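See below for the structure under consideration.
Chains as they are written, first to last, in the numbering used here: chain A, 397 to 702; chain B, 397 to 702; chain C, 397 to 702; chain D, 397 to 702; chain E, 397 to 702.
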């Protein structure tokens, strides 16, 4: 956000909310305990001195850098692709509304145009509910005709059936002689785009990063962290707990963030604001169609999407 | 998957299924044996002390990082591009079904529309069978007319012939006066997309990452791992086997994963779920066409693609 | 810029303007003070010697490289995508002007064409003002009819309503028999592009890089820098302040740059020159339409965009 | 290839064919000789001891990683883009064949359709011969009319003239009343794609990675390798030759691979299989057109592209 | 270039032309002098020993790797995008020529077609001259009518006005009844592509990589290099000058290359061959239009673009 106030560099060090620190605190605590114990026994386990040093850990840096770097980039790309798809949804529903308003030969305030706009809004909510596995019936009831609500209730791929409805709406206009084949093709082009969006979201939701990667990264990070106290204790003594927890924090926090954002359609703090985007789409389409925008859809003062 | 239960960080350390550990265990065992032997003889081979140290291995880190990083990224891109192509298949077959239902002047429940939908489903299975080199005749027999099945049996590029059949189907509609040139062009645009998908899959399947890369990476990893015990034994003594096996595990496991996913159309654990996607396409197209969806196509409770 | 004079390599070391040095100077000063203090007490805090060495900091290099590298790339991509969107705005408004001049059957100097060109210019300024949250009414008043200015004043998504106006303008031409469906579809294609640009800019403006990343990077960088004097003092003595400030400068300056460019639509020194681009668009469209270009829009000698 | 047999990890260490080892063996031999010499004189040159150690070489790691990583990625992208362009050639020639068969109002087995298909096949071979600077006349003679062969013989941009012929073929159909403007535009869209492919291949073939990069990388790698023995001899003694040759092998082999694949249209072992792809295109188009596919075009058992 | 002779690996070490060595030689000389001086005084400045060692420089490696890696990638992307845009220019002007020859109902050798082809060639040169800020009037005079030359002389955005002329040319054909709306739309699609190319080139030319990055990288590299002798002198003695100059060469040479290629439209050795590409476009379009290609446009034996 452009006008988001820059945070003071000092205060930012102690941010609690919006940090993943709370989630990984227990593990860091355990790591701290172990480090303190290792310092206490001077790196000995029973009688045996564990002979480790930092050089051995440096060799593991290559693997760690590749695993963490890859998983971070792949996860962020999934997050950003999800955001792009929902941005495209805003774009395409607006384009379709503009086409319905100016290319179908219908007056801008006719009920037919409004019913098409409602199909677009219902499509948006249907996609949101499918991705979050929540119940869309409430949104459907306020936007669609009872028959259509009934028909959708049994369907598995609800947004796709709404797309078919839009196709039928255009065909009705064509049969009534208001829309010719060329305009139909232009609208159909944008319906194809909506189909792309549904398919793109389904792809992200249904195909995670291969699980094997996660296991491999996870094991490497944790084994590395829990062996590290033995590697540092000889050279940095009682500073070992501090440095081990510092290193552990960077790795565990990164793993924690990417696990959140690699499934961008969920409801965790760093996931996409699907609710806010859906409401923005509804507000924008209603405004275009000259409708009153319900107050609930107006952005709060600090609302992130405008 | 959004509702996939997050795993406990501790349990995840001991995952067996879905890890590549079983596949590389023999090699790791060998590496362990050698390391133990090296510790036992204190890094001597016969009379000679092997004078290696960690610094020499650090110099190899640059090459290792480039080889592993490159191969990992290139392989994952192949995997993800394969997934995108199959996602596009779902998208485009749905778009074509919508066009057949709403733009061809045919009633939605006419047998002509259904026969077109069946061509699309058969196309999906034909592509799957071509990529996996399996026999498509069973799927063809339940979906296509006997003459077409017979004609396809002799063909080398089966999905392409099915695309031609779709083109002919549209042309028949045009000759019957139901479809005009504009609608034909709009449908043809989506047939071009299907052609893109076939070509894209064939490209991935027929052009692996140049084999020379694999040889170079493979040699570097294994030579590095089997020399490493001599480099560590002087500084970390009897911890050498643990650290060597740890380092070896990270490198060998990564090589093992990327070898699986760089050929994404196979049937190994981390390959794409082409069966599940094909069934989803069939279910979705039948639902759009108002057909009964066979029970076998309904997703199991833990089915990954929805 | 091609003719930008290359700077002498020596002078470039002492550049002040256009560097982020001023912004981070206080922090670097603090870091310098602490370093000098650490050297003075020889790395002791009260009675205790802080036992740190460079090796411990090398282990943190992996995390630092990933965090800084990722944030830098992601921010620059946002910056460059924002620039691409505004470049596309220049491209598409020119294409629409060309279409209005040569495909609508209107003479090139007719008031209708000029009013369309003004809609395009107003659209450009509307987007700029929305992204910077400034008041567009002055620009609207010099470009649009009073009724339209009034209508836009209440609207939340102003550029979108201007797009609808353009659609209506085309439809008017169609109803007057000057434009057929095909030309309408060709113009509509470019209106879709404008819709893409609005949506793309909104996406960048409303969805920052997840805040958690920034916190994680910020903490790692600062904790690293402020611990570093203790790690270096034993080996490089009174050179510690120099090296610590040098390292701190590279990290803090990078963090400072990326924080500027990741919100590319702002008004900080490294943000995009939206004013200059808007004026270039206005000048280019007026020139195409054969209009006199106001002197204020002509580039100054060192104007960056030509 | 999916069914490509996975190689045993142990055997793969000793692969000879398909490795770049033969090409760089002389240089590695020279490096071995020098290393042995350095060990023999204990790092002395005449009377002077060369005082180098591994730490100095670690500092060069950053530059080496950037140079090698960049050149490798840029070269592989060129290789893969070349492959994508030839994949697109397969896709677009198939799409054009489908259009000729089903949208031009000609019976599928008419000589006009076949002559168009032959233009497409000739286009494929013309592009291959242009990229490899070989003589296309033999392929032209078996596919095209004598006049066209004669006309092409003098031309510099042969594939482009064949594209113009295809445009003329379509125009002839339009003048005969079999093709309307819309179908012409749909075919023209695919002809544009073929134009893209020619231009894309010419771009890769005519603009190598700036030569200065290669010189810089080359010098850095070789100077590094030939200085390395002096840096290692003090710490690892008679193991120096082994480690130096190992490090040298990784760098020189990588440079050797990328030099091959950055010009993907050549005829070196790792270049693209343009012959095989051309034959696949010919076979696929003939099959679509219902023609007998010559036996020579059928894939051998281990043929890579299917 | 495919047939470019591979250079012998040994000779390539001593390449002078096409290397950036000459440009940075003075700086490297200065660095050499300083290093020799540091060795001479054994790292002392007046009475004080400068206590630096390689470990402190290793910590700077992270920042250096990020700065150099980023700037190199971003610059090369600009270079390659510029090349892609000029490749697209070749592609689109050819496509438009094909359309003018086969879709406008004009005989291939009519003066109208030739005048359109000349507009395309003039457009190419106009873009080249705009990007290099050179005078296009000579090229305009041999290609365009005197009135148009006069009209363009006063214009600021010359290629854009030529695009408008092309639009007018098509409209003239439509008014004469030779071109229908559909063909007009197909040609208009390619005119949009030309508009994209102009806008893309202007974007690269007018928006450099933020200057702050360059300052930051420049300072880091030079401070690093000039401090390095003090860090190495204790451990490698009189080899210090060699290693310092080697390290300095890699960093300074890279900075020098990227500064050249990040402005790809200039006339430095590694910039794009805009003259050669423009001449290739002219030759290719004239050949397509059946015109005699002037001898000056024929490629010399070693001409890079074919």
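For each residue, glycine too, the CB sits at the ideal point set by N, CA and C.
From a predicted model like this one, the values you see are computed outputs, not experimental measurements.
Item checked: Interface partners of residue 453/E on chain D, CB under 8 Å -> 455
Next item on the list: Compare the Cα-Cα distances from residue 766/E to each of 433/E, 665/E, 638/E and 564/E and report the closest residue.
Entry: Limits of chain E in this structure are 397 at one end and 702 at the other, which puts residue 766/E out of reach.
Next item on the list: Following the continuous alpha helix (DSSP H) through residue 598/E, name the residue where it begins and the one where it ends.
Entry: 577-602
Checklist line | Cβ-based burial, residue 599/A [other Cβ within 10 Å; buried from 16] | finding: buried
Notebook entry, point to check: So with Cβ pairs under 8 Å, would you call residue 552/A a contact of chain B?
Noted result: yes
Check: Short check: CB of residue 431/D to CB of residue 690/D, under 8 Å?
Finding: no
Next item on the list: Starting from residue 580/E, find everything on chain C with Cβ-Cβ shorter than 7 Å and list it in chain order.
Entry: 499
Next item on the list: Check the Cβ of residue 587/E against every Cβ in chain C and list those closer than 8 Å, keeping chain order.
Entry: 491 and 494
Next item on the list: Mind reading off the beta-carbon distance from residue 540/D to residue 504/D? Whole number of angstroms is fine, and I expect it under 8 Å.
Entry: Between residue 504/D and residue 540/D the Cβ distance is about 21 Å, and since that is not below 8 Å, they are no contact.
Check: For residue 442/D, which residues in chain E fall below 7 Å Cβ to Cβ?
Finding: Per Cβ cutoff of 7 Å: no residues; residue 442/D is ~14 Å from chain E at best.
Notebook entry, point to check: With contact counted as at least three CB pairs below 8 Å, one residue from each stretch, are the region 581-600 of chain C and the region 550-566 of chain C in contact?
Noted result: yes
Checklist line | Short-range partners of chain D found in the region 608-638 of chain B, where Cβ spacing is below 7 Å | finding: 608, 609, 611, 612, 614, 615, 616, 618 and 619
Margin query: Using a Cβ-Cβ cutoff of 8 Å, what residues of the region 402-435 of chain A are near chain C? List them in chain order.
Written below: 402, 405, 408, 409, 411, 414, 415 and 416
Next item on the list: On a CA-only basis, which of 436/D, 607/D, 604/D and 510/D is nearest residue 684/D? Give me that one, please.
Entry: 510/D
Item checked: Identity of the residues DSSP links to residue 445/A by a beta bridge -> 440/A
Next item on the list: Just mark residue 546/A as buried or exposed, buried being the case when its beta carbon has 16 or more other beta carbons within 10 Å.
Entry: exposed
Check: Grouping DSSP H, G and I as helix and E and B as strand, with all else coil, what is residue 499/B?
Finding: coil
Next item on the list: Taking all protein chains shown into account, decide if residue 421/D is buried (16 or more other Cβ within 10 angstroms of its Cβ) or exposed.
Entry: exposed
Notebook entry, point to check: Straight-line CA distance for residue 579/D to residue 488/E?
Noted result: 20 Å
Margin query: Quick check on residue 506/A - is its C-beta less than 8 Å from some C-beta in chain C?
Written below: no
Note to self: Just to confirm my understanding: we take residue 586/A, look at its own chain, exclude 5 residues before and 5 after, and list those with CB closer than 6 Å. What are they?
What the structure shows: 488, 491 and 492
Item checked: CB contact check: residue 392/E to chain D, cutoff 8 Å -> Only positions 397 to 702 of chain E appear in this structure, which leaves residue 392/E out of reach.
Next item on the list: Give the straight-line distance between the Cα atoms of residue 435/E and residue 636/D, rounded to the nearest whole angstrom.
Entry: 28 Å
Notebook entry, point to check: Between the C-alpha atoms of residue 476/C and residue 452/E, what's the straight-line distance to the nearest angstrom?
Noted result: 35 Å
Next item on the list: Measure the Cβ-Cβ separation of residue 456/A and residue 620/A and say whether it is below 8 Å.
Entry: yes
Item checked: Where the alpha helix (DSSP H) containing residue 558/B begins and where it ends -> 554-571
Next item on the list: Give the range of the alpha helix (DSSP H) segment to which residue 524/E is assigned.
Entry: 507-528
Notebook entry, point to check: Listing by chain order, which chain B residues have their CB less than 8 Å from the CB of residue 469/D?
Noted result: 466
Note to self: Give me, in chain order, the residues of the same chain whose beta-carbon lies closer than 7 Å to that of residue 445/B; leave out the 5 immediate sequence neighbours on both sides.
What the structure shows: 439
Notebook entry, point to check: Taking the C-alpha atoms as reference points, what is the distance between residue 648/D and residue 617/D?
Noted result: 8 Å
Next item on the list: Give the DSSP-derived three-state secondary structure of residue 640/C in the structure shown.
Entry: helix
Item checked: Bounding residues of the alpha helix (DSSP H) (the contiguous stretch that carries residue 535/C) -> 533-539
Notebook entry, point to check: Got a sec: is the Cβ-Cβ distance from residue 595/E to anything in chain C below 8 Å?
Noted result: yes
Checklist line | Whether residue 462/C touches residue 671/A by CB criterion (8 Å) | finding: no
Margin query: In this structure, how does DSSP classify residue 652/B when only helix, strand and coil are distinguished?
Written below: helix
Check: Within the chosen definition, does the region 597-612 of chain C reach the region 406-426 of chain C through at least 3 CB pairs nearer than 8 Å?
Finding: no
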